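Following: one structure in structure tokens, then a few remarks.
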Amino acid sequence: MGEGKNILSLGFSENSIAGTAYRALKKAGVTDEKINDGYYSFNYTQSSSSAPQYIGGDPAMVEEFEVYEEVVDRFESEPNNPVFRKIFEEMIGEPAPLVLDDLKASTDFDDQIREKVYRAINEIDLILRDQGVPPEDERYRELQAIALFYFVDFPAPERLQKWNKEPRSRVFFLERTRELTALDQKRFSNIDLTAFQDYLFENGGLGSYESTKDSPAELSALDALKDKLGFCTEKAKILYAVFRLAGLEAQFVVVPRRGIVEKTPEWKANGLQAQQAADADTAYDSHALIGLKVSEDGEIRLFDLTFLDSDAKFSIYYFLRTINYLGWDLSNTCTGHSRVNDNEKALGMCRRAALFAPNVASTHANVARVLTRLRTGNRRDNMIEAKEHYEKAIMLDPGLAGAYLGLAFFYEEFIIQTTKSQRAPINVEVVNKAVELYRKAVEIDAEDEAPYIGLGRTLLILGKTDEAEKYFKKAYSIAPENNTVRYYLSVGHASNWKFDEAKKLINGSSGKSFQELSKAIYLAESGKVDERAFTSLNLLYPGYF
144 MGEGKNILSL
154 GFSENSIAGT
164 AYRALKKAGV
174 TDEKINDGYY
184 SFNYTQSSSS
194 APQYIGGDPA
204 MVEEFEVYEE
214 VVDRFESEPN
224 NPVFRKIFEE
234 MIGEPAPLVL
244 DDLKASTDFD
254 DQIREKVYRA
264 INEIDLILRD
274 QGVPPEDERY
284 RELQAIALFY
294 FVDFPAPERL
304 QKWNKEPRSR
314 VFFLERTREL
324 TALDQKRFSN
334 IDLTAFQDYL
344 FENGGLGSYE
354 STKDSPAELS
364 ALDALKDKLG
374 FCTEKAKILY
384 AVFRLAGLEA
394 QFVVVPRRGI
404 VEKTPEWKAN
414 GLQAQQAADA
424 DTAYDSHALI
434 GLKVSEDGEI
444 RLFDLTFLDS
454 DAKFSIYYFL
464 RTINYLGWDL
474 SNTCTGHSRV
484 NDNEKALGMC
494 RRAALFAPNV
504 ASTHANVARV
514 LTRLRTGNRR
524 DNMIEAKEHY
534 EKAIMLDPGL
544 AGAYLGLAFF
554 YEEFIIQTTK
564 SQRAPINVEV
574 VNKAVELYRK
584 AVEIDAEDEA
594 PYIGLGRTLL
604 ILGKTDEAEK
614 YFKKAYSIAP
624 ENNTVRYYLS
634 VGHASNWKFD
644 EAKKLINGSS
654 GKSFQELSKA
664 IYLAESGKVD
674 ERAFTSLNLL
684 YPGYF
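Residue numbering for the sequence shown follows our numbering, beginning at 144 and increasing consecutively.
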């Protein structure tokens, strides 16, 4: 088919990412009617209906999200078609992530990995049939998923020999796979998967349990297995790919931060992945796992490889369509580029991520963080755009401390820049807004030093030097070796004329800020600067005024 005639109006600019992708789809013969189909989506919480909801826009208009959906659908259904691959890669601005290639048996999900997976799938099939559970039995796919979940976690064959030589290791993995021999009898009467546990000890699994450290950049499923790196998102990709190879209609699931905080006490109490669980309430903006519909009634089972729970319970969670997950994936990759100060590339990825995953709070927070770090372009425009993304993140997840922290910094930066450029009086209303947001960040995450520093800075602007010093001290109690924390505590001491205490922190410290502060203290002790001037923004932000 050639390029078809437009029969619907367009809800986006022809020069936008969606516009470029739309023209390419039409050139490839895709009709407006097909692009405008809409889709069915399962968005769940444990208290809401699990019925699929039809998502569709204006029937007389092709909308942005419909174009993105169509591009991903085409790429997934024909991953080796160079036309759709090109459209897809131009849309995301990157080579196709391997996790999307992994969805199809016709693509390269590593020959050895694929062979291991299919052997395990065949073994599970034989065991379930022997247990009287054929594929047409509704229980089949849930039992198959449980077995594959432990297969993905279990040591790989090349590691298995070492583990089997150590009795303690065998006990560890017997306990780790205990569910295979102790299934819920109400759900699976007279069924156990002991034979598959024996299979794992003889043949091994994929070894994802070894990936206990996060990667500075987002990894594909294959790279996570190869490098033994990656955390929740990478583990979810691996399980997703294996489930899809087994014909299971898995979907990515995101748990927002407030759901993680609620779950953390249970993780700690169970002693499972103890250090990770202990850090979970402060380390995560959101958490990735895999969901599977296991009954025709819409019952959902959540599989969480990170904390080894094949029937995870969260008070709130959302299923992500592939396009949404792609946005999250790009967002995490964006963070990786940002960590090495490749902010221009990071920003391009983040902006695409926000288009593809508009309802994922952490994605908007990532976009905003990169914008605030940019030192190119119009600084004020970047900050205003960041503000909009932080506000969107808070609206989507009111428990996201980093979003409050970032938004507070916007107001604080606004105070500095406006006052500096206009020589205007400090806007107390704006300062109080920053204080309010920093307090909210502290309320959510009391073990992060950053919001205490922000609180101290803004309170110092208001002349509340005693309270500011108190918060600087709190930050210091959390991170005494952090140079920024040491600087602001010395500012706090100095603003209350505790010069000896300030000097103790300054001594041995290098950097322009410490030099400016030391100079200010010298002037104050010499009687050349009065108290009002000493506690002004000249001290807090040397060189700005």
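By construction, the Cβ of each residue, glycine as well, lies at the ideal position given by its N, Cα and C atoms. Please read these numbers as outputs of a predicted model, since none were measured by experiment.
Residue i - DSSP class collapsed to helix/strand/coil
| i | result |
| --- | --- |
| arginine 444 | strand |
| glutamine 658 | helix |
| serine 620 | helix |
| valine 396 | strand |
| lysine 380 | helix |
| alanine 717 | Not covered by the structure: residue 717. The range shown for the chain is 144 to 688. |
| leucine 543 | coil |
| valine 503 | coil |
| phenylalanine 462 | strand |
| glycine 154 | coil |
| lysine 356 | coil |
| lysine 647 | helix |
| alanine 431 | strand |
| aspartate 591 | coil |
| aspartate 268 | helix |
| valine 226 | helix |
| aspartate 452 | strand |
| lysine 308 | coil |
| valine 173 | coil |
| lysine 436 | strand |
| valine 276 | coil |
| valine 483 | coil |
For residue j and residue i, believed in contact at Cβ under 8 Å, the rounded distance
| i | j | result |
| --- | --- | --- |
| leucine 580 | alanine 551 | 4 Å |
| glycine 597 | phenylalanine 615 | Not confirmed; about 11 Å, so no contact. |
| leucine 382 | leucine 448 | 6 Å |
| tyrosine 293 | threonine 320 | 5 Å |
| isoleucine 604 | alanine 637 | Between alanine 637 and isoleucine 604 the Cβ distance is about 15 Å, and since that is not below 8 Å, they are no contact. |
| serine 354 | glutamate 377 | 6 Å |
| valine 396 | isoleucine 433 | 6 Å |
Straight-line gap, residue i to residue j (C-alpha atoms, nearest Å)
| i | j | result |
| --- | --- | --- |
| threonine 188 | glutamate 176 | Low confidence applies here, because threonine 188 scores a pLDDT of 44, under 50, leaving its location unreliable and the question unanswered by this model. |
| glutamate 157 | serine 363 | 32 Å |
| asparagine 525 | aspartate 341 | 57 Å |
| serine 351 | isoleucine 569 | 54 Å |
| glutamate 610 | alanine 618 | 13 Å |
| isoleucine 256 | alanine 161 | 36 Å |
| arginine 444 | aspartate 335 | 18 Å |
| glutamate 233 | valine 634 | 50 Å |
| isoleucine 270 | leucine 326 | 15 Å |
| valine 628 | threonine 608 | 16 Å |
| isoleucine 587 | methionine 538 | 15 Å |
| proline 222 | alanine 384 | 14 Å |
| lysine 647 | alanine 367 | 46 Å |
| methionine 204 | asparagine 179 | 7 Å |
| threonine 174 | arginine 217 | 13 Å |
| lysine 535 | lysine 371 | 34 Å |
| alanine 544 | arginine 512 | 13 Å |
| phenylalanine 553 | threonine 478 | 19 Å |
| alanine 379 | serine 358 | 14 Å |
| aspartate 424 | alanine 239 | Model confidence at aspartate 424 stands at a pLDDT of 48, short of 50, so the residue's coordinates are unreliable; what they give is reported in the following sentence. One C-alpha to the other measures close to 32 Å. |
| aspartate 454 | asparagine 333 | 19 Å |
| glutamate 213 | arginine 313 | 48 Å |
Cut-off 8 Å between Cβ atoms - residues of its own chain near residue i, not counting five sequence neighbours on either side
| i | result |
| --- | --- |
| glutamate 237 | Leu473, Thr476, Met492 |
| tyrosine 261 | Leu388 |
6 Å CB neighbourhood of residue i in its chain, flanking five on each side removed
| i | result |
| --- | --- |
| valine 585 | Pro594 |
| alanine 622 | Glu592, Val628 |
| proline 298 | Trp306, Gly347, Gly350 |
| glutamate 612 | Gly635, Asn639 |
| glutamate 309 | none |
Same chain, Cβ closer than 7 Å to residue i, five either side skipped, listed in chain order
| i | result |
| --- | --- |
| serine 191 | Confidence in serine 191 is poor, its pLDDT being 42 and thus under 50, which makes the residue's placement unreliable; the coordinate value appears in the next sentence. So the list is empty, once near-sequence residues are dropped. |
| asparagine 265 | none |
| serine 152 | Ala203, Met204 |
| valine 295 | Gly348, Leu349, Ser351, Ile381, Leu382, Val385, Leu448 |
Test: residue i CB closer than 7 Å to a CB of chain C
| i | result |
| --- | --- |
| isoleucine 267 | In the structure shown, chain C cannot be found, because there is only a single protein chain. |
Would the stretch 477-493 and the stretch 220-231 be scored as touching if the rule is three or more Cβ pairs under 8 Å?
no
The stretch 465-472 contacting the stretch 500-517, beta-carbon criterion three pairs below 8 Å:
yes
Check whether the stretch 287-304 touches the stretch 329-349, counting contact only when three or more Cβ pairs, one atom from each stretch, lie closer than 8 Å.
yes
Could you tell me whether the stretch 377-394 touches the stretch 276-290, using the rule of 3 or more Cβ pairs below 8 Å?
yes
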